[in-house]
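Novice: Just so we're aligned: the sequence shown equals residues 4 to 227 in our numbering. This structure is in structure tokens; I'll ask about it shortly.
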Amino acid sequence: MHIRDWPAEERPREKLLAHGAGTLSDAELLAIFLGSGLRGRDAVQTSRELLATHGPLRALLENDPVGLAGLPGLGPARACKLAAALELGHRHLAAALERGEVLTDPASAGRYFAQRLRGRGHEVFAALFLDTRHRALAFEELFQGTVDGAEVHPREVARRALFHNAAAVIVGHNHPSGDAEPSAADRAVTARLKQGLALVEVRLLDHFVIGDGPAVSLASRGWV
């Protein structure tokens with residue numbers, strides 16, 4: 004049965020219009036993008052097969068455009084459109100922080116760090132510098148390591164904060180393993196950073212750990 008023959012409430016486009024994109028499954032969202040499926044399959048079936056074979060969704064979308072183009076049901080044109088759509092999403096998420104707006108929702112910082120750091124093959128430690136009104140001044144990747152860790156120097160974080168005339172800093176790093184649970188070393192680094200930044204009158208607001216799921220906030224655990 005073709006998707007157009009499905010009950011209206013089950014069609015991905017109609018569901019999106021009626022209830023919002025957040026109510027759709029990964030396969031349904033991908034099906035809307037594809038528009039049509041492989042021969043003998045509708046777009047939802049094709050999307051499910053793509054996710055089953057090359058997924059989950061994060062793994063599928065971490066392919067570069069050339070890799071996407073080689074997957075069944077995509078091809079060069081759709082691969083380019085998908086890569087462009089992903090970049091638009093990344094830029095939309097970054098815009099609120101990079102255009103100097105006041106950071107009123109701490110969770111948005113976690114999503115921003117996740118967008119910038121998730122999927123890296125090695126550990127990267129980054130900092131978001133803020134002014135007295137918690138408007139974004141700059142985002143910098145400060146330290147890089149191996150798959151096991153990165154050495155963090157609080158003095159360098161403080162130096163960059165002074166360079167940007169920052170009043171506050173949010174830091175974050177990724178766990179290439181995908182497990183975002185903060186380690187004892189993460190907690191120790193956070194304590195050292197907080198102490199070092201306080202010496203130059205800069206507040207450490209949070210430390211996010213990025214893995215496969217949502218960013219984990221050390222501040223929410225009471226560790227900042």
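Glycine included, every Cβ here is placed at the ideal spot set by N, Cα and C. Just so it is clear, the structure is predicted and the values come from calculations on it, not from any experiment.
What do you get for G124, buried or exposed, if any count of 16 or more other CB atoms within 10 angstroms of its CB means buried?
Specialist: So G124 ends up on the exposed side.
Novice: Whether or not the segment 74-90 and the segment 116-130 are in contact is what I'm after, with contact meaning three or more pairs of Cβ atoms, one per stretch, closer than 8 Å; do they touch?
Specialist: No, they do not touch.
Novice: Can you list the beta strand (DSSP E) stretches of 3 or more residues lying completely in the segment 137-161, in chain order?
Specialist: Here the runs fully enclosed are 139-147.
Novice: Bridge partners for A130 per DSSP, in chain order?
Specialist: DSSP output for A130 lists E143, V174 as bridge partner(s).
Novice: CB-CB under 7 Å to L41, same chain, minus the five flanking residues each way: which ones, in chain order?
Specialist: The residues are T49, P75, G76.
Novice: Once you ignore the five residues that flank P157 on each side, which residues in its own chain have a CB closer than 6 Å to its CB?
Specialist: Closer than 6 Å at the Cβ level, and outside the excluded window around P157, lie R195, L196, G199.
Novice: Look up R123 in the DSSP assignment and say whether it is helix, strand or coil.
Specialist: Correct three-state label for R123: coil.
Novice: Can you give me the Cβ contacts of E17 inside the same chain, cut-off strictly under 6 Å, excluding the 5 residues immediately before and after it?
Specialist: Around E17: A11.
Novice: Which stretch, first to last residue, makes up the alpha helix (DSSP H) that contains D189?
Specialist: That run of the alpha helix (DSSP H) goes 187-201.
Novice: In terms of residues, what are the limits of the beta strand (DSSP E) holding R206?
Specialist: Residues 206-213.
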